[in-house]
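Notes follow the structure.
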Amino acid sequence: MNKKIKWSLLLLIFLTLLTAIYAFGWFDNLKEFLKPTNLKPFIDQFGILAPLVFMALYYGLILAFVSAAAFTIISGVLFGKIWGSIYVIIAATLAAQTAFLITKQLSDEKLNGLKSKKGIGKLIRIVEEKTQKNGFKSIFLLRCLFAPYIPLSYAAGMIKTLKARDFFFATLLTNMIFTPAFVFLGDSLLKGPKALILPLLMVILVLGIPQIIKYFKPEAHV
């Protein structure tokens with residue numbers, strides 16, 4: 003990656019985080035901000051730019067290690083199950099790829115220092131071990147096991163042999179598989195109890211996937 007692209011990437015992250023901070027400044031805390039009653043008016047005021055603002059906030063939240071589970075569900079309330087899913091998939095995939103590319107630029111000295119630390123070091127070693135044979139398949143499996151989303155992305159970027167293409171498509175595919183269930187749930191929240199039955203079943207099925215994988219493949223773990 004040349005310097006121009008690198009600095010453009012860092013500038014994009016900086017501007018996104020500023021947008022997030024600007025938004026959060028209107029509320030006492032993140033929990034309050036993420037309530038549909040607060041978030042919807044904030045997003046709606048941007049009109050045709052609302053989807054871009056939402057994706058920028060989502061992108062910034064994930065990169066800052068904030069869990070985006072509630073935000074994913076709320077996207078269904080804001081944009082419906084189809085467009086909500088599309089916006090979340092785009093933002094989540096871009097955030098993961100950004101994290102991957104950031105750590106891809108780290109020097110060997112910094113990488114060795116991170117590998118020696120308990121938390122992130124263990125995750126790096128797990129990813130490095132699992133991606134030796136097939137990067138795409140390994141990242142896909144780790145995503146299906148719900149390995150921590152952004153920590154996994156940062157850790158994956160530290161694996162020199164892992165291709166950005168394999169990481170991108172494995173992440174995109176799993177986002178396309180898992181995201182709609184949670185967005186569908188959000189879309190159904192205001193439609194009455196009966197409308198929640200199918201989305202809840204979908205979420206339960208999605209959350210059970212790691213256990214299903216471990217049952218048929220006991221060696222699979224994070």
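The letter at position 143 of the sequence shown is residue 145 when you use the numbering used here, and the numbering goes up by one with no holes.
Where a beta carbon is used, it is the ideal one built from N, C-alpha and C, also for glycine.
From S69, L143 and A101, pick the residue whose C-alpha is nearest to that of Q213; which is it?
-> L143
Less than 8 Å between the CB atoms is what I'm expecting for I75 and L187, so what's the real figure, rounded?
-> 6 Å
Quick one: grab the DSSP three-state call for F150.
-> First, the amino acid is wrong: residue 150 is Pro here, not Phe. Coil, per DSSP.
Can you tell me the Cα-Cα spacing of K124 and P201, whole angstroms?
-> If you draw a straight line from the Cα of K124 to the Cα of P201, it is about 35 Å long.
List the endpoints of the continuous alpha helix (DSSP H) containing S87.
-> A71 to K106
Is I152 near F73, with beta carbons less than 7 Å apart?
-> Taking the C-beta atoms as reference points, F73 is found no nearer than 7 Å to I152.
Select from A94, R127 and R145 the residue whose C-alpha is nearest the C-alpha of I215.
-> R145
Check whether the Cβ atoms of L2 and I128 lie closer than 7 Å to each other.
-> Because residue 2 is not part of the residues shown, which for the chain are 3 to 224, the question remains open.
Chain D within 7 Å of T133, Cβ atoms only = Of the chains in the structure shown, none is chain D; there is only one protein chain.
Taking all protein chains shown into account, do 16 or more other C-beta atoms lie within 10 angstroms of the C-beta of K139, making it buried, or fewer, making it exposed?
-> exposed
Under 7 Å, do V205 and F180 count as touching if we go by C-beta distance?
-> No, Cβ-Cβ distance for V205 and F180 is not below 7 Å.
Closer than 6 Å by C-beta to A97: which residues in its own chain qualify, once you throw out the five before and the five after it? Chain order, please.
-> Here the set comprises Y61, I64 and L65.
Go ahead and pull the three-state DSSP assignment for F44.
-> helix
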